[in-house]
Amino acid sequence: SQQGEEDPQALSIQEGENATMNCSYKTSINNLQWYRQNSGRGLVHLILIRSNEREKHSGRLRVTLDTSKKSSSLLITASRAADTASYFCATGGRAGGFKTIFGAGTRLFVKA
Amino acid sequence: DTEVTQTPKHLVMGMTNKKSLKCEQHMGHRAMYWYKQKAKKPPELMFVYSYEKLSINESVPSRFSPECPNSSLLNLHLHALQPEDSALYLCASSSPGLAGGPGHETQYFGPGTRLLVL
Numbered sequence: 059s060q061q062g063e064e065d066p067q068a069l070s071i072q073e074g075e076n077a078t079m080n081c082s083y084k085t086s087i088n089n090l091q092w093y094r095q096n097s098g099r100g101l102v103h104l105i106l107i108r109s110n111e112r113e114k115h116s117g118r119l120r121v122t123l124d125t126s127k128k129s130s131s132l133l134i135t136a137s138r139a140a141d142t143a144s145y146f147c148a149t150g151g152r153a154g155g156f157k158t159i160f161g162a163g164t165r166l167f168v169k170a
Numbered sequence: 275d276t277e278v279t280q281t282p283k284h285l286v287m288g289m290t291n292k293k294s295l296k297c298e299q300h301m302g303h304r305a306m307y308w309y310k311q312k313a314k315k316p317p318e319l320m321f322v323y324s325y326e327k328l329s330i331n332e333s334v335p336s337r338f339s340p341e342c343p344n345s346s347l348l349n350l351h352l353h354a355l356q357p358e359d360s361a362l363y364l365c366a367s368s369s370p371g372l373a374g375g376p377g378h379e380t381q382y383f384g385p386g387t388r389l390l391v392l
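Quick note, the sequences are listed as chains A and B, same order. Under the numbering used here, the final residue of the first sequence carries the number 170; numbering is consecutive throughout. Under the numbering used here, the final residue of the second sequence carries the number 392; numbering is consecutive throughout.
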């Protein structure tokens, strides 16, 4: 079963609006990462938040992590048409090893 | 250089063909990964190499055969594939992790090879 589940599955907003995506996971984690994927391309790492962190910022991105609820959110502020992409959360387990499990992803469409 | 390169970009093969996908990175990363991604789905881990040794094989069929000839290269040999193996194959690499666990750091992905099996 998938470790990370995301909602919404798809999100359509106007340029300039904020976009919020959520991710839930099932087991204990070492860290949680967010990646972006433009259509049919490779994934680009956006931000990593460790299990002992609650919030992290990078430019227009804000990530929160609530380990008690096993959930994370990604906020993109002042969205741009270029932000149109699929966004995936990915978790690495506390048990160690290299296994990274990706959530189902949120497809974001930003209308100009 | 923070780039992972993959060749070829596109590949069409018949079910009786033998082909190979190649991945290369020069970031000094000692963990390399193969993922398979179907349309509108997340990447699914196939194999992980750590220090050139196979660390994880996610019960992948033997028609997929990985190889890590050195610390910069990762190959995926394909033989007798099925049409359902058509997908985007992604390679990634990462540096050894900190005390929190190996490989649990940022993964750098290549652009992928889009494979069509006829």
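Idealized CB from N, CA, C, for every residue including glycine. Given the structure is predicted, the values throughout are model-derived calculations rather than measurements.
Which residue or residues does DSSP assign as beta-bridge partners of residue i?
i: A:Arg165; result: A:Ala68 and A:Ser144
i: A:His115; result: A:Arg120
i: B:Pro340; result: B:Leu350
i: B:Lys293; result: B:Leu352
i: A:Gly100; result: Paired residue(s): none; A:Gly100 is not in a bridge.
i: B:Met287; result: B:Val391
Quick one, which of the options has its alpha-carbon nearest residue i's?
i: B:Phe338; options: B:Lys283, B:Leu295, B:Leu285 and B:His284; result: B:Leu295
i: A:Ser131; options: A:Ile107, A:Gln95 and A:Gly150; result: A:Ile107
i: B:Glu298; options: B:Pro316, B:Tyr307 and B:Leu389; result: B:Tyr307
i: A:Asn110; options: A:Leu101, A:Ser126, A:Leu104 and A:Val102; result: A:Ser126
i: A:Arg120; options: A:Asn80, A:Glu73 and A:Leu69; result: A:Asn80
i: B:Glu358; options: B:Thr281, B:Ser346 and B:Lys310; result: B:Lys310
i: B:Tyr325; options: B:Ser369, B:Arg388, B:Leu319 and B:Glu318; result: B:Ser369
i: B:Gln280; options: B:Leu392, B:Phe383, B:Leu390 and B:Val391; result: B:Phe383
i: B:Val334; options: B:Lys327, B:Phe321 and B:Ser346; result: B:Phe321
Does the beta carbon of residue i sit closer than 8 Å to a beta carbon anywhere in chain A?
i: B:Gly384; result: yes
i: B:Gln299; result: no
i: B:Pro340; result: no
i: B:Thr380; result: yes
i: B:Pro317; result: yes
i: B:Leu285; result: no
i: B:Leu362; result: yes
Chain B beta carbons: is any one of them nearer than 8 Å to that of residue i?
i: A:His103; result: yes
i: A:Thr85; result: no
i: A:Thr135; result: no
i: A:Arg112; result: no
i: A:Ala162; result: yes
Classify residue i as helix, strand or coil using the three-state DSSP reduction.
i: B:Pro357; result: helix
i: A:Ala136; result: coil
i: B:Pro385; result: coil
i: A:Ala170; result: coil
i: B:Thr279; result: strand
What does residue i touch in chain D if you count any residue whose Cβ is under 7 Å from its own?
i: A:Leu90; result: No chain D is present in this structure, whose protein chains are A and B.
Would you check whether the ligand NAP has a heavy atom nearer than 7 Å to the C-beta of residue i?
i: B:Leu389; result: Absence of the ligand NAP from the depicted structure is noted, as is the absence of any ligand whatsoever, leaving it without description.
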